[in-house]
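Numbering (UniProt numbering), first residue to last: 6 to 312.
Just so you know, even glycine gets a beta-carbon here, dropped at the ideal spot from N, CA and C.
Computed from a predicted structure; not experimentally measured.
Notes follow the structure.
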Ligand code: CP
């Protein structure tokens, strides 16, 4: 049984295969409307979600399959103290594939050890979010034509941001030219990850405090939210929460073909006046999430997609 717990579980060829199939599914979804007929996806969400859960559910329904699951673990026997291991053993008999989001790092990995069905990590704590990475790769492919050789800037909470942790390691595998890291000192990318990028991949890292200092150099600007739920105290969150606001006036100094991405939800970090700028692609990014997850479900289930 194959699982997707972190992007490294897939080779570059497999990531490309899912992205390319996601693109085909976006262009002609009707061709795939019955390929998962009779299959069941379980969505096990121990932490809130809008895009990941609903896009997975939409993906399975668009493939002709069915869905079960919970979005509030308190409505399941988790509230009675049931372990992840026992939950997954039982869900393996009810569903053909499951996606799990959990506030604790490593919970989907633990689940995969007890599962007899494919387990997909839908985000675990501040650790990894591999299907957001697939969504991001498809978005980059659609807007920049290639995934390789861009100058990519990550802005916001680089310490706790699981979307950043998954994407930056993956883009390193795609020969990214340069990463620019924009964050407050308290929320910089973990040192271990920085070392991996520089020592294992030989990538140039530039760290700055302000978007304005680098905006003209960037090909892809990946904005992120300062994540209240990952802070230990409210005072630190209050001090850092408004660190960044991307506005139309700041965008005037950006390249004409730069794209602005954001995994969403946003709080204050992108002004609403940016939404109508053709460089703002974050809502299309959320839409692409459906199609790349359709592709992923079919790959992990091993269903025939030669339509
Ligand atoms: N991008 C993302 O993971 O969004 P949700 O938290 O709404 O699923």
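Coarse secondary structure for residue i, derived from DSSP in three states
{"i": "residue 198", "result": "helix"}
{"i": "residue 219", "result": "coil"}
{"i": "residue 271", "result": "coil"}
{"i": "residue 5", "result": "Lying outside 6 to 312, the shown extent of the chain, residue 5 is not represented and no answer is given."}
{"i": "residue 150", "result": "coil"}
{"i": "residue 293", "result": "helix"}
{"i": "residue 282", "result": "coil"}
{"i": "residue 257", "result": "coil"}
{"i": "residue 232", "result": "coil"}
{"i": "residue 112", "result": "helix"}
{"i": "residue 118", "result": "helix"}
{"i": "residue 14", "result": "helix"}
{"i": "residue 239", "result": "helix"}
{"i": "residue 301", "result": "helix"}
{"i": "residue 163", "result": "coil"}
{"i": "residue 30", "result": "helix"}
{"i": "residue 52", "result": "coil"}
{"i": "residue 37", "result": "helix"}
{"i": "residue 172", "result": "helix"}
{"i": "residue 180", "result": "coil"}
{"i": "residue 45", "result": "strand"}
{"i": "residue 23", "result": "helix"}
{"i": "residue 310", "result": "coil"}
Presumed contact (8 Å Cβ cut-off) between residue i and residue j, rounded CB distance
{"i": "residue 266", "j": "residue 225", "result": "6 Å"}
{"i": "residue 1", "j": "residue 107", "result": "Coverage of the chain is limited to positions 6 through 312, which leaves residue 1 absent and any answer about it impossible."}
{"i": "residue 284", "j": "residue 256", "result": "7 Å"}
{"i": "residue 176", "j": "residue 20", "result": "At roughly 11 Å, the Cβ-Cβ gap does not stay under 8 Å, so residue 176 and residue 20 are not in contact."}
{"i": "residue 168", "j": "residue 12", "result": "Actually they do not touch by this definition, with Cβ atoms about 11 Å apart."}
{"i": "residue 140", "j": "residue 290", "result": "6 Å"}
Straight-line Cα distance separating residue j from residue i
{"i": "residue 216", "j": "residue 74", "result": "41 Å"}
{"i": "residue 22", "j": "residue 45", "result": "23 Å"}
{"i": "residue 246", "j": "residue 35", "result": "42 Å"}
{"i": "residue 122", "j": "residue 278", "result": "44 Å"}
{"i": "residue 15", "j": "residue 7", "result": "10 Å"}
{"i": "residue 103", "j": "residue 286", "result": "29 Å"}
{"i": "residue 298", "j": "residue 254", "result": "35 Å"}
{"i": "residue 309", "j": "residue 38", "result": "12 Å"}
{"i": "residue 220", "j": "residue 95", "result": "50 Å"}
{"i": "residue 137", "j": "residue 131", "result": "13 Å"}
{"i": "residue 61", "j": "residue 250", "result": "30 Å"}
{"i": "residue 47", "j": "residue 244", "result": "39 Å"}
{"i": "residue 51", "j": "residue 234", "result": "14 Å"}
{"i": "residue 78", "j": "residue 84", "result": "7 Å"}
{"i": "residue 296", "j": "residue 43", "result": "19 Å"}
{"i": "residue 97", "j": "residue 145", "result": "34 Å"}
{"i": "residue 205", "j": "residue 238", "result": "35 Å"}
{"i": "residue 149", "j": "residue 282", "result": "16 Å"}
{"i": "residue 80", "j": "residue 63", "result": "22 Å"}
The ligand NAD heavy atom lying under 7 Å from the CB of residue i
{"i": "residue 253", "result": "Because the ligand NAD does not appear in the structure shown, any question about it cannot be addressed here, the ligands present being the ligand CP."}
Within 8 Å, strictly: CB atoms of residue i and residue j
{"i": "residue 117", "j": "residue 10", "result": "yes"}
{"i": "residue 119", "j": "residue 90", "result": "yes"}
{"i": "residue 230", "j": "residue 174", "result": "no"}
{"i": "residue 105", "j": "residue 172", "result": "no"}
{"i": "residue 24", "j": "residue 69", "result": "no"}
{"i": "residue 294", "j": "residue 232", "result": "no"}
{"i": "residue 57", "j": "residue 128", "result": "yes"}
{"i": "residue 222", "j": "residue 186", "result": "no"}
{"i": "residue 248", "j": "residue 276", "result": "no"}
{"i": "residue 210", "j": "residue 202", "result": "yes"}
{"i": "residue 124", "j": "residue 135", "result": "no"}
{"i": "residue 274", "j": "residue 228", "result": "yes"}
Should the region 253 to 261 be regarded as contacting the region 173 to 188, the criterion being three or more beta carbon pairs within less than 8 Å?
-> no
Does the region 20 to 35 come within contact of the region 299 to 309, defined as at least 3 CB pairs closer than 8 Å?
-> yes
Contact between the region 144 to 157 and the region 182 to 201: three or more CB pairs below 8 Å?
-> yes
Is the region 160 to 172 touching the region 185 to 193 in the sense that three or more CB pairs, one from each, lie closer than 8 Å?
-> yes
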